[in-house]
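Let me begin by presenting the structure, written as structure tokens, before commenting on it.
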Amino acid sequence: CKGPLGEHKQLGETWQSNCQVCTCSNQTKTEECQPKPPSPPPLCSQNSVLVTGCCGKQTCVEKTCNYDGRTYKVGDRWTDLALPCESYSCTREGTQTVRRVCPHQNCSEEDRVWDEQHCCYTCNQSCATRVSSVNITVDNCTATLQLPMCQGQCGTETRWVVARSILHLEQKCECCRVRSYERKSVNLTCTGGSVMPHLYAHVTSCECHNCSILQ
Numbered sequence: 007c008k009g010p011l012g013e014h015k016q017l018g019e020t021w022q023s024n025c026q027v028c029t030c031s032n033q034t035k036t037e038e039c040q041p042k043p044p045s046p047p048p049l050c051s052q053n054s055v056l057v058t059g060c061c062g063k064q065t066c067v068e069k070t071c072n073y074d075g076r077t078y079k080v081g082d083r084w085t086d087l088a089l090p091c092e093s094y095s096c097t098r099e100g101t102q103t104v105r106r107v108c109p110h111q112n113c114s115e116e117d118r119v120w121d122e123q124h125c126c127y128t129c130n131q132s133c134a135t136r137v138s139s140v141n142i143t144v145d146n147c148t149a150t151l152q153l154p155m156c157q158g159q160c161g162t163e164t165r166w167v168v169a170r171s172i173l174h175l176e177q178k179c180e181c182c183r184v185r186s187y188e189r190k191s192v193n194l195t196c197t198g199g200s201v202m203p204h205l206y207a208h209v210t211s212c213e214c215h216n217c218s219i220l221q
């Protein structure tokens with residue numbers, strides 16, 4: 007008999023070739039080949055999958071997840087600096103993505119305080135008195151004053167609430183409003199040069215006042 011490479015085989019000799027078991031038969035004095043019997047499949051863990059390879063050989067291969075050219079094992083977690091509001095985890099079903107939803111905020115860039123991931127920001131609560139130029143006119147008398155006003159950013163929060171068995175989105179916001187004031191008098195200059203005293207509310211302090219809006 008001849009083997010797969012043309013080599014000489016003795017009568018009764020057995021060898022493997024191309025996923026088959028061959029024998030040099032004593033009766034026919036020729037090669038007789040049969041498919042190689044399959045081995046019992048291995049018992050794989052939950053984080054592995056059974057893969058059939060060459061000649062039907064089965065092996066356990068650990069499940070992995072691929073992201074941005076990197077390979078992660080089941081249970082691994084990671085983030086992407088380019089997508090700060092998303093986090094990822096490798097599970098037995100594949101890569102899972104969790105997207106963080108930020109509460110609605112509305113303030114200028116200089117008043118924003120970002121979280122560690124630079125995903126969401128809160129507004130710096132800068133509610134305070136700010137002096138502004140105001141023109142007061144009463145009848146034919148007028149004056150231009152530098153008066154304190156309440157300005158600045160207060161916090162906001164969005165949440166789901168149930169009202170009358172209906173799910174609503176409630177936006178809880180805080181507005182910068184007057185906390186205290188005092189009565190003061192100012193002299194207005196009238197037509198003809200006369201002076202008229204006028205009382206007004208002079209703001210002394212401000213605070214963030216709660217308000218709710220149902221949508």
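Residue numbers (our numbering): 7 to 221. No residue lacks a Cβ here, since even glycine has one placed at the ideal position from N, Cα and C.
Self-check item: Touching by the beta-carbon criterion (3+ pairs, under 8 Å), the segment 79-98 and the segment 49-69
Solution: yes
Quiz prompt | Whole-Å CB distance - C160 paired with C126, under 8 Å assumed | solution = The pair is not a contact, with the Cβ atoms about 17 Å apart (cut-off 8 Å).
Quiz item: What separation, rounded to the nearest whole angstrom, lies between the Cα atoms of C133 and S186?
Solution: 13 Å
Quiz item: With which residues is V104 paired in a DSSP beta bridge?
Solution: S93
Practice problem: Whole angstroms is fine: what's the gap from L220's alpha carbon to V104's? | Solution: For L220, the pLDDT reaches just 41, beneath the cut-off of 50, and the residue's location in the model is therefore unreliable, leaving the point undetermined.
Exercise. Give the C-beta separation of H204 and V192 to the nearest angstrom, bearing in mind that I take them to be a contact with Cβ-Cβ under 8 Å.
Key: 5 Å
Practice problem: List the DSSP bridge partners of D86. | Solution: L89
Quiz item: Using the beta-carbon count (16 or more within 10 Å), is C217 buried or exposed?
Solution: Around the CB of C217, fewer than 16 other CB atoms lie within 10 Å, so the residue is classed as exposed.
Exercise. Specify the secondary structure class of E176 as computed by DSSP and reduced to three states.
Key: strand
Exercise. Please report the residue range of the beta strand (DSSP E) in which T58 lies.
Key: S54 to T58
Quiz prompt | DSSP state of E116 mapped onto helix, strand, coil | solution = helix
Quiz item: Apart from the five residues just before and just after V140, which ones in its own chain have a Cβ nearer than 6 Å to its Cβ?
Solution: Within the same chain, V140 has close Cβ partners L151 and L153.
Quiz item: For L56, which residues from the same chain have a beta carbon less than 7 Å from its beta carbon, with the 5 sequence-adjacent residues on both sides left out?
Solution: P47, C50, Q64 and C66
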